[in-house]
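Residues in the sequence shown are numbered from 1178 upward in steps of one, following our numbering.
For every residue, glycine included, the Cβ atom is placed at its ideal position computed from N, Cα and C.
Model, not experiment: these values are computed from the prediction.
Below is one structure, written out as structure tokens, with a few remarks after it.
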Amino acid sequence: MEKQTLNNSSSNDDYENAAFLNTSYLKDSETSRRRNYVYLTLFNLFIFTLSMLSLICAVMSQKDSSSHSAAKLMDQFDIFSPAMHEVEYSHVKYSLPNPLNSSKYVGLTEEVENAWMDIAYLPDQMVSKSDFVKLKKPDDAMQVTDPKTGETGYRVGIEVFHQLHCLNLLRMSTYPDHYKTISWSDTNDAPEKVRAHLDHCIEILRINLMCLSDVNVFTFQPTTEEGKQGMGGYWPDYETEHVCRNFDHIKDWARANAVPDADV
């Protein structure tokens, strides 16, 4: 009888131990599942955050490629311009006027003169003394005071307007009889000075065109137009697709940031 009691007691102990172990196992499993759930949640949150950051970076990069790619390229080569962040790009198809003399930049009318004055004779701007060192120029350059802020800095000009001035001088030189009567025309100077200025402008435009090295292409299209039969009935088609900088925006910026003619 005592032996049976001992056996029953042993069986009860084994059952209780098994139940305890099973409960502990279940608790450990539940804890493990909760821990795994937390880890999985944190991992998913990390992936979501990373995805959102990637999306934001992609959007900002897309915006930068249109408005600040010029600035990034200039930064890469350690070149500075106060207008470097003002460059905007657009898709443009060249459209040549037909006839060519219908262009507002061709001819000898007052409207033509005004059109060239509008694009080739823009005021200068100012670079602050802190930014001037980025130009890598001697500090004895001409200074100017910004009338809006009272700040004194260095006078600078935007290259494109000088290049257009040069192109306009070449244009005027093809009408020597007409431009003898225009008081502001460079062609009124002594012949040797005019020649030197023209040669300077030719070099400026050559250097700039070679620097830009436009790699867009033009095709040769069939034509029956009189005077264009020299290539077996084909003629170059220069109305091509380009990625252009927004000239009007740069011109507006130049006017908005103009400084007076008088130096300090």
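Beta carbon of residue i nearer than 8 Å to that of residue j
i: L1346; j: H1374; result: yes
i: D1301; j: V1436; result: yes
i: F1257; j: D1308; result: yes
i: I1335; j: A1431; result: yes
i: M1387; j: F1397; result: no
i: A1247; j: V1264; result: yes
i: V1337; j: I1427; result: yes
Residue i beta carbon near the ligand ATP (any heavy atom closer than 7 Å)
i: H1339; result: Looking for the ligand ATP in the displayed structure turns up nothing, as the structure carries no ligands at all.
Continuous alpha helix (DSSP H) stretch holding residue i: start and end
i: P1353; result: 1353-1356
i: V1371; result: 1368-1389
i: V1289; result: 1287-1297
i: F1397; result: Not the alpha helix (DSSP H): F1397 falls in the beta strand (DSSP E), residues 1396-1399.
i: V1337; result: 1336-1350
i: A1248; result: 1246-1253
Residue range of the beta strand (DSSP E) that includes residue i
i: H1426; result: Premise fails: H1426 lies in the alpha helix (DSSP H), 1424-1433, not in any beta strand (DSSP E).
i: F1305; result: Checking the sequence shown, residue 1305 turns out to be Ser, not Phe. Segment 1302-1305, the beta strand (DSSP E) holding S1305.
i: S1267; result: 1266-1270
i: D1414; result: 1411-1414
i: Y1331; result: 1329-1333
i: T1322; result: 1320-1322
Proximity winner among the options, relative to residue i (alpha-carbon distances)
i: D1414; options: K1314, E1403, Q1320, V1394; result: V1394
i: T1326; options: D1438, N1434, R1211, A1247; result: N1434
i: V1392; options: H1262, T1417, S1360, I1224; result: T1417
i: H1355; options: T1286, V1420, A1292; result: T1286
i: L1299; options: H1339, Y1282, Y1271; result: H1339
i: T1322; options: E1336, P1315, K1306, R1211; result: K1306
i: D1252; options: E1369, K1311, K1428; result: K1311
i: W1361; options: N1291, F1424, D1376, D1429; result: N1291
i: N1423; options: D1363, P1315, H1262; result: H1262
Other residues of its chain near residue i: CB distance less than 8 Å, five sequence neighbours each side excluded
i: D1241; result: Summary for D1241: the model assigns pLDDT 48, below 50, so the residue's position carries little reliability; its value from the coordinates is reported in the next sentence. Cβ within range, chain order: K1249.
i: N1278; result: G1284
Contacting residues, own chain, Cβ-Cβ under 6 Å from residue i (five flanking each side not counted)
i: V1304; result: P1259, G1330, Y1331, V1333
i: V1420; result: Y1266
Contact set for residue i: own chain, Cβ-Cβ below 7 Å, skip 5 residues either direction
i: P1399; result: G1410, Y1411
i: C1343; result: C1378, I1381, L1382
i: S1280; result: P1274
i: P1469; result: The requested residue 1469 does not occur in the structure, where the chain is confined to residues 1178 to 1441.
Chain D contact for residue i (CB, 8 Å cutoff)
i: Q1398; result: Looking at the structure shown, chain D is missing, and only one protein chain is on hand.
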